[in-house]
């Protein structure tokens, strides 16, 4: 499988389905200023609330490692941990009952390389999530190919591509790129968290959430995020580095440095309440959640304009949301 890297010449806009005027869905005008896809909930452009979840697949202490950050009108007003994976989804569904107009980002893979699903006759992402819900724990326990990462279980050399198109498309950031969903052990592994997160996407979808890039636009919306896109090459495990990053990038006057734009908006509104900024320094998990929420709000116009892909490969794999590196429309498969 060949993945389009989404690159376009400087000064040119890519041909994108998620830009105004190029939606494959019938769009109507709404007097409130909302974007309406016929048959779906109106999607207002004045997005005021975003939520970022720094996820964990750990069995022991997972509730301490999962951090939820919430930004309203440009300020991160909530940063907390303590919820189990199941409780996180219940919490979001409760929030949506009161006010569905928000976007939530999770930092785990929403899909797997398309060949994995096709080889198993899994036709849709919903079917994949069901398979993961039914078999994910046994996959983790056995760590049979194509999975690897447990002691004595090395990456299979004769297995097809271990990365999704979106994993390959993210430019290297300080030597880091998204890792394979098949890696379930070792430094930076995301497989365990992803396999324990995908069934929750089915839960949210059943509750009325729109999961991007698979579903037509509606509120609430769920996106896949990669916090490194927002933090840049900072050594997040170093408390001092986190302190310096926050002082550099989160102040009202912050500007582009090290390839990372300042998070404050053009009005100079600070990103965090002082108590929230202190919490963001506690751990790299809290840091990732807080920075991701602030970045999501900064690029809220992009979030409000997203529409789903029509590419068969991406409909099985998903796509990491990064407004500076948009989802391509050309995916070649062999």
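Residue numbers (our numbering): 59 to 392. Don't be surprised by glycine CBs; every beta carbon is placed ideally from N, CA and C. None of these values were measured; they are calculated from a predicted model.
For residue 205 and residue 191, what's the separation of their Cα atoms in angstroms?
In a straight line, the C-alpha of residue 205 is about 16 Å away from that of residue 191.
Just to confirm the assignment, what range does the alpha helix (DSSP H) spanning residue 206 have?
Element bounds for residue 206: n/a, residue is neither H nor E.
Please work out which residues of its chain come closer than 6 Å, Cβ to Cβ, to residue 30, disregarding the five sequence neighbours upstream and downstream, and give them in chain order.
The requested residue 30 does not occur in the structure, where the chain is confined to residues 59 to 392.
So, helix, strand or coil for residue 272, using DSSP?
Looking at residue 272 - three-state DSSP - the assignment turns out to be coil, as it is neither helix nor strand.
Rounded to whole angstroms, what's the CA-CA distance from residue 331 to residue 181? Just pull it up for me.
Rounded to whole angstroms, residue 331 to residue 181 spans 46 Å at the Cα level.
Okay, do the region 247 to 256 and the region 112 to 121 touch, 3+ Cβ pairs below 8 Å being the bar?
They touch, by the three-pair rule.
By how many angstroms is the C-alpha of residue 168 removed from the C-alpha of residue 256?
Cα to Cα, the separation comes out at about 6 Å.
Would you tell me roughly how many angstroms separate the C-alpha atoms of residue 67 and residue 385, rounded to the nearest one?
In this prediction, residue 67 has a pLDDT of 28, which is less than 50 and means its spatial position is unreliable; nothing more can be read from the coordinates.
Applying the criterion that 16 or more other CB atoms from any shown protein chain within 10 Å of the CB defines a buried residue, is residue 371 buried or exposed?
With 16 or more Cβ atoms within 10 Å of its Cβ, residue 371 is classed as buried.
When the Cα atoms are used, what is the spatial distance from residue 469 to residue 231?
In the structure as shown, the chain starts at 59 and stops at 392, and residue 469 therefore has no counterpart that could be examined.
Which residues in the same chain have their Cβ closer than 6 Å to the Cβ of residue 185, if we skip the five residues on either side of it in sequence?
There are no such residues.
Leaving out five residues before and five after residue 377 in sequence, what residues of the same chain have Cβ atoms less than 6 Å from its Cβ?
Correct list, in chain order: 224, 271, 385.
In three-state terms, what does DSSP make of residue 338?
Reduced to three states, the DSSP call for residue 338 is helix.
Is it a yes or a no for the region 229 to 244 touching the region 294 to 311, going by three-plus beta-carbon pairs under 8 Å?
Counting Cβ pairs under 8 Å, fewer than three are found: no touch.
Going by C-alpha distance, which of 307, 379, 374, 343 is nearest residue 140?
Nearest of 307, 379, 374, 343 to residue 140, Cα basis: 343.
Distance, Cα to Cα, residue 235 vs residue 301?
Taking the straight line from one Cα to the other gives about 23 Å.
Please go through the same chain and pick out, in chain order, the residues whose beta-carbon is closer than 6 Å to the beta-carbon of residue 381, but skip the five residues on each side of it.
Around residue 381: 357, 360.
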